[in-house]
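Sequence order for the protein chains is H and C. If you read the first sequence in this note's numbering, its first letter stands for residue 288, the second for the next number, and so on. If you read the second sequence in this note's numbering, its first letter stands for residue 288, the second for the next number, and so on.
Number of protein chains: 2
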Amino acid sequence: MVRPAVGAGAGHRLVRRRGTRAKERETAIRAAALRIFRRKGYHAASMQEIADAVGLNKGSLYYYISSKEELLVRLFEGRAEQVLGEIDAAASRSGSPQQRLHAVVRAYVLGVLRNLDSVHVYLREEHSLPRAALEQVRRTNQAMRDHFERAIVDGMRSGDFGESDPKLATLALLGTCTWVHRWYRPGGRLTETAVADDFAERAVRMLRP
Amino acid sequence: MVRPAVGAGAGHRLVRRRGTRAKERETAIRAAALRIFRRKGYHAASMQEIADAVGLNKGSLYYYISSKEELLVRLFEGRAEQVLGEIDAAASRSGSPQQRLHAVVRAYVLGVLRNLDSVHVYLREEHSLPRAALEQVRRTNQAMRDHFERAIVDGMRSGDFGESDPKLATLALLGTCTWVHRWYRPGGRLTETAVADDFAERAVRMLRP
């Protein structure tokens with residue numbers, strides 16, 4: 288009775304090890320694809336280059352991923368949802384509309400700064416995404432915009448903000464906050480949190496009565 | 288003496304007519320390319336589609352343009368310089384730093400709004416531009432940024448603005464102003480000048496002491 292049990296255990300461990308190695312490979316493939324898509328653009332990048340970057344031959348790459356399009360879709364999987372989760376958490380903290388807007392803007396800017404390459408590739412390759420994936424990201428983006436707008440409208444009602452067009456104010460703030468993906472260089476003069484804090488204060492300042 | 292002169296005159300007119308027709312064709316080709324690049328992306332677009340859109344066969348298209356890359360470069364030719372000229376003019380008007388920033392932001396936003404498709408294609412296809420063309424556009428963009436920063440620094444000195452980081456303030460404003468290319472829909476709720484005026488006022492408000 289002992290040997291088969293040990294054998295089964297060893298078998299499980301082997302499957303687990305293989306599973307772990309496959310997961311690591313997939314992570315490496317996504318990271319390489321993101322880098323190459325960012326540098327050359329999605330259309331100009333080839334599966335051969337991605338395979339080379341992770342030390343696989345092209346045939347083996349297709350064991351992990353069925354197409355370049357699937358790779359593009361999976362680059363964004365979960366990222367926008369994670370950032371939205373952080374914005375949800377920021378928005379649900381108690382406090383004045385000013386404090387809530389501050390927290391929402393801060394969470395959003397940090398979300399962009401922590402996903403610089405994927406934000407860049409998404410904004411550039413949106414038109415290359417299949418419809419279902421595009422709609423998913425757009426729904427998530429809309430939910431983020433709603434958080435901005437809700438905090439602004441609440442602040443208008445309470446008199447914290449002297450805004451007259453909450454939709455336009457939302458777009459103005461989202462522009463400032465999303466644009467960081469074009470100029471922020473990690474390791475430069477400002478840390479991620481320094482930029483996020485500054486932009487959160489700036490947002491509140493822009494809306495003062 | 289009369290006939291040869293008339294003949295030469297008629298010849299000139301013919302050349303002029305041909306020149307005009309060629310110019311119109313080139314304009315139509317650029318407009319079609321811009322539309323198709325915007326919709327499908329530069330890499331996915333084919334010269335055949337562009338030829339079809341202007342009712343030429345592909346061979347004739349190559350009479351006007353030597354390659355898809357040349358077409359991409361020529362899409363941006365002169366546009367950024369024209370907007371820079373308008374910003375130069377806005378900046379050189381006398382007035383307080385607040386008035387100057389207002390005028391610079393307004394001219395920049397109008398420049399983006401009047402070139403929606405080419406701003407979109409440029410930001411997406413920057414990496415596809417040949418080095419010389421890219422450097423040219425970047426120099427022009429840098430000159431625009433300098434106008435923003437100069438007005439902000441002047442306002443800090445005069446006490447008009449309560450800013451502490453003029454570089455970061457410039458990037459925040461440029462984000463707001465450039466991002467309009469992603470959400471503005473011509474013929475919608477707001478005219479171009481309504482958005483430009485609102486964003487100019489918003490910029491000044493953000494920098495109030």
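Glycine included, every Cβ here is placed at the ideal spot set by N, Cα and C.
Please list, in chain order, all residues of the same chain as residue i whose beta carbon is under 7 Å from its beta carbon, the five residues on each side excluded.
i	result
I439(C)	L388, F448, E450, P453, A456, T457, L494
V399(C)	V406, C464, T465, V467, H468
A392(H)	Checking the sequence, you will find Val at residue 392(H) rather than Ala. Contacts found: L460, C464, F486, A487, A490.
Q385(C)	G442, D447, V491
I337(H)	I316, A319, A320, I323, L348
L362(C)	R317, A320, L321, S405, V408
F435(H)	V391, T457, L460, L461
Y471(H)	L400, L403, V482
L421(H)	E413
Spatial neighbours of residue i within its chain, please: CB distance less than 6 Å, with the 5 preceding and 5 following residues excluded, ordered by chain position.
i	result
G294(C)	Confidence is the limiting factor: at G294(C) the pLDDT is only 44, short of 50, which leaves the residue's position unreliable and the question unanswerable from this model.
F324(H)	A332, V408
L358(C)	A320, I352
A483(H)	R393, V396, L397
S445(C)	P384
So with CB distances below 7 Å, who are the chain A contacts of residue i?
i	result
H330(C)	Absent here is chain A; the protein component of the structure consists of chains H and C.
What span of residues does the alpha helix (DSSP H) with residue i cover, start to end?
i	result
T457(C)	453–465
D484(C)	479–494
F363(H)	355–363
E413(C)	Premise fails: E413(C) is in no alpha helix (DSSP H) and is neither H nor E.
Helix, strand or coil for residue i per DSSP?
i	result
N344(C)	coil
P501(C)	Look at the range of chain C in this structure, 288 to 496, and you will see that residue 501(C) is not part of it.
G398(H)	helix
A376(H)	helix
I337(H)	helix
H434(C)	helix
E422(C)	helix
G306(C)	helix
Y350(C)	helix
D441(C)	helix
F324(H)	helix
D447(C)	coil
R469(H)	helix
A390(H)	helix
A331(C)	coil
Taking 8 Å as the limit between beta carbons, can you name the residues of its chain near residue i, skipping five residues before and five after?
i	result
L309(C)	Reading off the sequence, residue 309(C) comes out as Ala, not Leu. Cβ within range, chain order: Y351.
S415(C)	Y329, H330, E356, L359
G382(C)	A390
A481(H)	none
| query | Is there contact here, the stretch 362–380 of chain C with the stretch 415–431 of chain C, by at least three beta-carbon pairs under 8 Å? | reply | Taking 8 Å as the limit for Cβ pairs, the verdict is that the stretch 415–431 of chain C does touch the stretch 362–380 of chain C.
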